[in-house]
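Okay, structure first, notes after.
Number of protein chains: 2
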Amino acid sequence: MTARRHRVGVVGATGAVGSVTLGLLRAHGFEDVRVFASARSAGRRLGAWTVEEATPEALARGDVDVFLFSVGTSASRALVPHAVAGGALVVDKSSAYRLEPGVPLVVPEVNGARALEHDGIVANPNCCTIPLTCVLKPLHDEAGLVRVRVATYQSMSGAGAKSMERLRTEPQEDHDLLLEWEFDGEEFDEESKLRDETRKILELPGLPIQATCVRVPVMVGHAEAVWVETEDELPPARAREILARAPSVRYEEFPSPGKARGIDDVLVGRIRRDPTVDRGLALFLACDNLRKGAALNAIQIAKLVLDRAPVGAA
Amino acid sequence: MTARRHRVGVVGATGAVGSVTLGLLRAHGFEDVRVFASARSAGRRLGAWTVEEATPEALARGDVDVFLFSVGTSASRALVPHAVAGGALVVDKSSAYRLEPGVPLVVPEVNGARALEHDGIVANPNCCTIPLTCVLKPLHDEAGLVRVRVATYQSMSGAGAKSMERLRTEPQEDHDLLLEWEFDGEEFDEESKLRDETRKILELPGLPIQATCVRVPVMVGHAEAVWVETEDELPPARAREILARAPSVRYEEFPSPGKARGIDDVLVGRIRRDPTVDRGLALFLACDNLRKGAALNAIQIAKLVLDRAPVGAA
């Protein structure tokens with residue numbers, strides 16, 4: 268791994284995604300790294316780093332090439348514009364900018380070229396959207412997607428460090444499935460994100476897609492049961508062949524969060540015909556939601572943009 | 268609750284379903300109860316009972332009116348015929364007889380009348396099939412089922428007492444989704460059971476239905492994400508109305524295993540349009556797999572048969 272000269276700022280470094288980001292940056296050649304968080308954590312030691320407070324002034328100073336944000340939506344809305352004003356590229360993990368027209372929403376293997384059209388911000392998709400689009404894109408290119416249904420099995424780490432702690436301390440007998448996202452009358456915001464983001468990334472604004480999102484008492488790793496219908500005939504063996512050679516996708520007969528934990532690829536398996544319709548497939552996928560579902564995808568976006576179109580003072 | 272004169276034998280009394288059965292029998296008026304298990308447990312005290320060995324001779328003796336079996340498939344195959352030969356009604360929880368022609372497979376609220384056609388054995392369906400048919404039957408009667416897709420979230424207690432112990436002792440960080448059923452090339456036996464049993468109970472032998480079965484690290488309570496398409500238009504509000512008054516079904520906005528635990532009803536909620544098709548609905552259900560999913564359904568079958576058509580020496 269060649270060392271990179273780019274100066275990276277990790278904002279929200281003390282959270283679940285932030286700490287995985289710090290672990291991955293060195294492996295990806297980034298050595299000039301600074302860490303930022305709220306006033307509460309400022310001054311705290313975090314491995315080799317001392318946490319700096321993420322003030323508008325600190326972010327606008329122009330001495331960082333790329334900021335990787337993994338903070339809440341309102342914090343992103345408040346701080347990202349200052350980082351952009353300072354000339355940095357921002358890769359933002361919150362949902363603040365994902366659906367904003369003109370802001371690229373990027374999974375590098377799926378629509379990487381869009382990242383280069385950024386105007387300072389590239390949005391990093393939802394942790395379920397990323398693995399889903401990695402799997403849907405090659406199927407769409409081959410046979411054309413007609414409709415998609417997804418039931419998710421999302422781990423507690425997707426809800427942040429506090430939820431992980433709750434899972435650790437709660438008696439095992441009390442663990443339950445959680446349906447705790449914001450509810451907008453008919454669906455969870457998590458479900459509308461999965462639909463709208465998938466449509467934007469695949470550039471299929473009318474794609475019929477519905478999700479049922481469920482959080483399961485697993486610490487790390489998300490899974491999804493997916494039903495896909497295609498325009499053209501797509502036998503399961505052919506789908507498996509296509510997915511096995513798709514970028515960042517690995518075929519695994521029985522994918523699970525445990526098998527996906529700590530690896531970069533999206534695991535996909537259980538690929539079989541959906542006998543209830545013509546040209547239907549069922550499949551199951553699993554992904555480390557903190558890596559490809561979050562931190563890794565952000566780093567890949569940063570590398571893609573920095574390597575092809577350096578920004579800021581770099 | 269009126270006391271019942273019927274003599275009940277619980278076979279497999281030391282297992283997860285067996286012990287819930289014992290707890291429920293008294294509440295259902297059964298006071299003359301004997302408990303049977305393998306030679307290993309014979310002589311052991313189990314609450315007020317002393318475990319008797321489930322030998323062919325003991326079961327064929329003719330001094331029990333109804334046996335509730337919850338043992339493995341091969342043990343059922345070996346022992347059930349002796350109990351029937353002794354003149355008893357057998358309600359069998361294993362998959363040994365479920366799909367056998369002539370053996371009624373019964374969910375009392377759905378196809379209770381079939382139980383009266385028994386020839387000694389009534390089969391008790393799979394723990395996911397029971398709540399699913401409780402929900403599908405009223406929808407079918409109203410609008411006609413066209414196709415059904417199900418993704419399950421099944422608790423560890425469905426895999427028996429040993430799996431529950433494993434969940435109790437394994438570090439929380441290691442909990443994973445388990446895809447551990449017998450795999451028949453394309454699907455798990457659990458998935459083909461769910462399909463074939465649903466078709467038999469609803470008497471829709473050609474019903475297009477597919478399941479993806481997943482075990483989650485929850486101790487008790489199964490959930491299912493369901494997509495249904497119907498022949499006739501069925502608005503979500505109307506589906507909710509029908510389900511809210513269906514027997515053994517209770518409307519709950521966000522059903523979960525934790526909410527279903529310890530209660531008799533199947534919880535159903537999240538009833539909404541499936542916008543990817545005409546006349547499609549999505550919904551979510553949860554059920555105590557040890558009660559309505561197993562022990563309670565068996566007791567209900569026994570009551571239904573004993574009250575309307577006494578068998579054996581009763």
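Chain order of the listed sequences is A and B. The first sequence begins at 268 in my numbering and counts up one residue at a time. The second sequence begins at 268 in my numbering and counts up one residue at a time. Glycine included, every Cβ here is placed at the ideal spot set by N, Cα and C.
Nearest to residue i (by Cα), restricted to the options the options
| i | options | result |
| --- | --- | --- |
| A:H273 | A:P438, A:R301 and A:H407 | A:R301 |
| A:D441 | B:L474, B:S343, B:S422 and B:L550 | B:S422 |
| A:T288 | A:L335, A:A309, A:G310 and A:V487 | A:L335 |
| B:G369 | B:V358, B:R381 and B:D359 | B:R381 |
| B:S386 | B:L461, B:G339, B:D451 and B:L356 | First, the residue type needs correcting, since residue 386 of chain B is Asp and not Ser in the sequence shown. With distances taken between Cα atoms, B:D386 lies closest to B:L356. |
| A:D451 | B:R539, B:L403, B:L573 and B:V333 | B:R539 |
| B:A478 | A:V417, A:I568 and A:A513 | A:V417 |
| A:P398 | A:L557, A:L571 and A:G411 | A:L557 |
| A:A350 | A:V275, A:V516, A:S459 and A:E449 | A:V275 |
Cβ-Cβ separation, residue j to residue i (assumed contact under 8 Å), whole Å
| i | j | result |
| --- | --- | --- |
| A:P524 | A:A490 | 6 Å |
| A:T400 | A:I468 | 5 Å |
| A:I476 | A:V415 | 4 Å |
| A:L313 | A:A270 | Not confirmed; about 21 Å, so no contact. |
| A:V485 | B:L434 | That pair is no contact at about 12 Å. |
| B:D555 | B:G536 | Not confirmed; about 16 Å, so no contact. |
| B:G427 | B:G282 | 6 Å |
| B:V278 | B:F297 | Contact doesn't hold; Cβ gap of about 15 Å is too wide. |
| A:V495 | A:L548 | 5 Å |
| A:P375 | A:Q567 | 5 Å |
| B:V402 | B:V516 | 6 Å |
Between the CA atoms of residue j and residue i - distance to the nearest angstrom
| i | j | result |
| --- | --- | --- |
| B:E409 | B:A511 | 14 Å |
| A:P405 | A:A390 | 22 Å |
| B:M431 | A:L383 | 51 Å |
| A:D330 | A:G354 | 9 Å |
| B:Y364 | B:V373 | 12 Å |
| B:L471 | A:Y518 | 35 Å |
| A:V347 | A:A321 | 10 Å |
| B:D456 | B:G560 | 17 Å |
| A:E319 | A:S308 | 8 Å |
| A:Y420 | A:L446 | 11 Å |
| A:P577 | A:R505 | The pLDDT assigned to A:P577 is 43, lower than 50, so where the model puts this residue is not dependable; a value taken from the coordinates is nonetheless given after this. If I take the Cα positions, the gap works out to 39 Å. |
| A:D545 | A:V493 | 16 Å |
| A:H295 | A:A569 | 11 Å |
| A:V483 | A:D532 | 21 Å |
| B:A513 | B:V333 | 28 Å |
| B:A315 | B:V377 | 34 Å |
| A:S361 | A:K460 | 11 Å |
| A:G339 | B:V481 | 31 Å |
| B:L366 | A:D359 | 54 Å |
| B:A562 | A:E449 | 36 Å |
| B:P371 | B:V284 | 21 Å |
| B:L550 | A:D299 | 49 Å |
| B:T436 | B:S286 | 21 Å |
| A:L573 | A:L326 | 18 Å |
| A:A581 | A:N564 | Unreliable placement is indicated for A:A581, whose pLDDT of 34 sits below 50; the coordinate value is still reported in the next sentence. Distance between the alpha carbons of A:A581 and A:N564 is about 21 Å. |
| B:A306 | B:A345 | 14 Å |
| A:K429 | A:S337 | 15 Å |
| B:H407 | A:G411 | 32 Å |
Local Cβ density within 10 Å of residue i, reported as buried at 16 or more and exposed below that
| i | result |
| --- | --- |
| A:T317 | exposed |
| A:P502 | exposed |
| A:T396 | buried |
| B:L534 | buried |
| A:G579 | No answer about A:G579 holds up, because its pLDDT of 39 lies below 50 and its placement is not dependable. |
| A:D499 | exposed |
| B:E324 | exposed |
| A:A527 | buried |
| A:T465 | buried |
| A:R575 | exposed |
| A:R293 | exposed |
| A:S341 | exposed |
| A:E454 | buried |
| B:R462 | buried |
| A:A352 | exposed |
| B:T497 | buried |
| A:G425 | buried |
| B:G290 | exposed |
| A:E458 | buried |
| B:G473 | exposed |
Within chain D, the residues that residue i reaches when beta carbons sit closer than 7 Å
| i | result |
| --- | --- |
| B:F521 | Reference to chain D is not applicable here, since the protein chains of this structure are A and B. |
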